[in-house]
Amino acid sequence: MFFLLRLSFRNVMRNPGRTMITSVAVVAGVALMILGWGLVDGVDENVLRASSRTVTGDVILRPVDFPTDGSSYPLDKATAPPPISATLAEVAPRVFFQGRLVAGADSTRVTGIAYDPDLDPKVFPREFWRMEGGWPAAGALEAVVGSRLARVLGVHTGDSVILEARTQAGAMNALTYRVSGLVTTDNSWVDGTAVWLPMPLAEELLVLGGLRTHLALKLKRGTAEEALAALNTPGWTAHTVREECADILELNNFRRRAIVFLVFVIMAIAATGITNSVLMGAFERVREIGALRALGMDRVGIASLFLFEGLIMGLIAALIGAALGAGLVLRWQTNGFVLSDDMMENAGQMAVGSEIYTRFSWDMTVGSVLFALLIAQLASIYPMIFATRLNPADAVRAE
Numbered sequence: 122m123f124f125l126l127r128l129s130f131r132n133v134m135r136n137p138g139r140t141m142i143t144s145v146a147v148v149a150g151v152a153l154m155i156l157g158w159g160l161v162d163g164v165d166e167n168v169l170r171a172s173s174r175t176v177t178g179d180v181i182l183r184p185v186d187f188p189t190d191g192s193s194y195p196l197d198k199a200t201a202p203p204p205i206s207a208t209l210a211e212v213a214p215r216v217f218f219q220g221r222l223v224a225g226a227d228s229t230r231v232t233g234i235a236y237d238p239d240l241d242p243k244v245f246p247r248e249f250w251r252m253e254g255g256w257p258a259a260g261a262l263e264a265v266v267g268s269r270l271a272r273v274l275g276v277h278t279g280d281s282v283i284l285e286a287r288t289q290a291g292a293m294n295a296l297t298y299r300v301s302g303l304v305t306t307d308n309s310w311v312d313g314t315a316v317w318l319p320m321p322l323a324e325e326l327l328v329l330g331g332l333r334t335h336l337a338l339k340l341k342r343g344t345a346e347e348a349l350a351a352l353n354t355p356g357w358t359a360h361t362v363r364e365e366c367a368d369i370l371e372l373n374n375f376r377r378r379a380i381v382f383l384v385f386v387i388m389a390i391a392a393t394g395i396t397n398s399v400l401m402g403a404f405e406r407v408r409e410i411g412a413l414r415a416l417g418m419d420r421v422g423i424a425s426l427f428l429f430e431g432l433i434m435g436l437i438a439a440l441i442g443a444a445l446g447a448g449l450v451l452r453w454q455t456n457g458f459v460l461s462d463d464m465m466e467n468a469g470q471m472a473v474g475s476e477i478y479t480r481f482s483w484d485m486t487v488g489s490v491l492f493a494l495l496i497a498q499l500a501s502i503y504p505m506i507f508a509t510r511l512n513p514a515d516a517v518r519a520e
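Using the numbering used here, count along the sequence shown one by one with no gaps and you end on 520.
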């Protein structure tokens, strides 16, 4: 076995230029699979993190039949919040509503987020948010505007704006507020559309009468699925953050399938190159094969020789590709990279943070290397069959 491995390695390195060219596709395929998978896994984490830190918490509750499309918030479906066990979770009641923000001569449609100043920070960790200015003072007619929304309207801290919205009963109402701060939550949708209003001011603007549209939970124990089973909230429906982000996560699953297809195409090209390289080596060594057969090496030994050549070629290329792909994934897992403002603006209503971190996976790294080795072995089958069918006497006489 050791003799066959040494002989196979020597044969692979006989023509290093051809071996290097053949290996390029394998290197690219393995590196692309590891890097692409790590990036998509990182986007999954980014979406879940951005949503849980700003909108959903670990679990979010809505009144039954309340829309979940993230674009309409009918206040006539707002309901009195049910009691939630304090031992199960921290609870942040909220009211989402549609409105129009008027700043000077400009105005735009916005999403209002009415929050409880005392309970909201217990569910949503504001240490991850960036604030220019501050949150509204108690009793002051002040509001906070999302940073990207403020840039669009040219709003600065200290400016006066008018917020128009329909009350819970359907009447139009409008009040003037001072902008106390501009907040960046690292959720592209929230930062681009949201106006934050303390619940007492929202009660005045919307005439809510204590009704709420959302309850966000930060669990103290157990998993989100266990919390769903433990909740007893008639008239309200509960969803985990993963269920809330299911559409985006499914889109990322499609991206994974696209990566696999692209890698399969690259590996098919690599297989063609490996087959050609090993087959050319077989043609160049016809006399050598004949001599080995004449000296007593059986067909199994000849077959093993060519299978080992493909295996060595694939292994070297796969390890280089794995080192390249894993190195980039590990670097971006620690440092991450920042999405441009244009990409954040094009995120629409998706909960996407501005910083993306990749996620390294040993399973994907090892799986990519094994996949490359499988392709290399399959590509070596035809040259192996050709070599084992050579007649020893004819092979020795070959020119």
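Just so you know, even glycine gets a beta-carbon here, dropped at the ideal spot from N, CA and C.
Treat the numbers as computed from the prediction; the structure is a model and nothing was measured.
Considering only residues of the same chain and omitting the five flanking positions on each side of residue i, which have a CB-CB separation below 8 Å?
i: Leu400; result: Tyr503, Pro504, Phe507
i: Arg333; result: Ala199, Thr200, Ala201, Pro202, Pro214, Arg215, Val216
i: Asp280; result: Ala224, Arg299, Val300
i: Pro195; result: Phe187, Pro188
Could you work out which residue in the options is closest to residue i when comparing CA atoms only?
i: Val282; options: Ala497, Val265, Gly291; result: Val265
i: Ala292; options: Leu327, Trp357, Ser206; result: Leu327
i: Val386; options: Asn456, Ile142, Ala146; result: Ala146
i: Gly313; options: Gly275, Leu270, Lys341, Ser301; result: Leu270
i: Val231; options: Ala337, Leu340, Val311; result: Val311
i: Trp317; options: Trp256, Ile433, Leu209, Ala261; result: Trp256
i: Leu69; options: Leu494, Glu476, Ser228, Cys366; result: The chain is shown only over 122 to 520; residue 69 falls outside these bounds and no answer can be derived.
i: Lys341; options: Leu209, Asp190, Asp239; result: Leu209
i: Glu324; options: Arg287, Thr305, Leu349; result: Arg287
i: Leu499; options: Gly442, Ala443, Ala447, Gly431; result: Gly431
For the alpha helix (DSSP H) containing residue i, name the first residue and the last one.
i: Ser425; result: 420 to 455
i: Val273; result: 268 to 274
i: Ala315; result: Premise fails: Ala315 lies in the beta strand (DSSP E), 315 to 319, not in any alpha helix (DSSP H).
i: Ala497; result: 483 to 500
Measuring straight from C-alpha to C-alpha, what distance separates residue i and residue j?
i: Tyr298; j: Leu182; result: 29 Å
i: Pro440; j: Val148; result: Here residue 440 is Leu; the residue named in the question, Pro, does not match the sequence. Approximately 8 Å between the Cα atoms of the pair.
i: Ser501; j: Leu491; result: 15 Å
i: Gly163; j: Val381; result: 17 Å
i: Arg174; j: Asn294; result: 30 Å
i: Thr396; j: Asp419; result: 22 Å
i: Leu449; j: Leu156; result: 7 Å
i: Ala468; j: Glu347; result: With a pLDDT of only 47 at Ala468, under the threshold of 50, the placement of this residue in the model should not be trusted; the figure read from the coordinates follows. Cα to Cα, the separation comes out at about 32 Å.
i: Ile556; j: Leu284; result: In the structure as shown, the chain begins at 122 and stops at 520. Residue 556 is therefore absent and cannot be evaluated.
i: Pro242; j: Ala259; result: 15 Å
i: Asn373; j: Leu426; result: 42 Å
i: Ile437; j: Asp368; result: 39 Å
i: Leu336; j: Ser192; result: 18 Å
i: Ser522; j: Trp250; result: Any question about residue 522 goes unanswered here, given that the chain covers just 122 to 520.
i: Leu296; j: Ser172; result: 29 Å
i: Thr486; j: Asp179; result: 30 Å
i: Gln289; j: Gly254; result: 30 Å
i: Gly220; j: Asp239; result: 24 Å
Which same chain residues, not among the five before or five after residue i, have their C-beta less than 7 Å away from its C-beta?
i: Asp186; result: Lys198
i: Gly331; result: Ala201
i: Val384; result: Gly150, Leu153, Met154
i: Leu451; result: Phe481
i: Asp84; result: Residue coverage of the chain in this structure runs from 122 to 520, which leaves residue 84 outside it and unanswerable.
List the residues that DSSP assigns as beta-bridge partners of residue i.
i: Asp239; result: Its beta-bridge partners do not exist; DSSP assigns none.
i: Glu325; result: The partner list for Glu325 (beta bridge, DSSP) is empty, contrary to what the question assumes.
i: Lys339; result: Glu211
i: Tyr298; result: Val282
i: Ile234; result: Phe217, Trp317
i: Arg333; result: Thr200
i: Ser228; result: Val223
i: Arg287; result: Met293
Note the first and the last residue of the continuous beta strand (DSSP E) segment covering residue i.
i: Pro184; result: 180 to 184
i: Ala351; result: Unbroken run through Ala351 is the alpha helix (DSSP H), 345 to 351; no beta strand (DSSP E).
i: Ala359; result: 357 to 361
i: Gly254; result: 251 to 254
Once the 5 residues before and after residue i are set aside, which same chain residues still bring their CB inside 6 Å of it?
i: Ala224; result: Leu274, Val276, Val282
i: Trp453; result: Thr479
i: Glu371; result: none
i: Val161; result: Asn373, Arg376, Arg377
Against chain B, does residue i count as a neighbour if the rule is that its beta carbon must be under 9 Å from one of theirs?
i: Thr396; result: Among the chains of the structure shown, chain B does not appear; only one protein chain is present.
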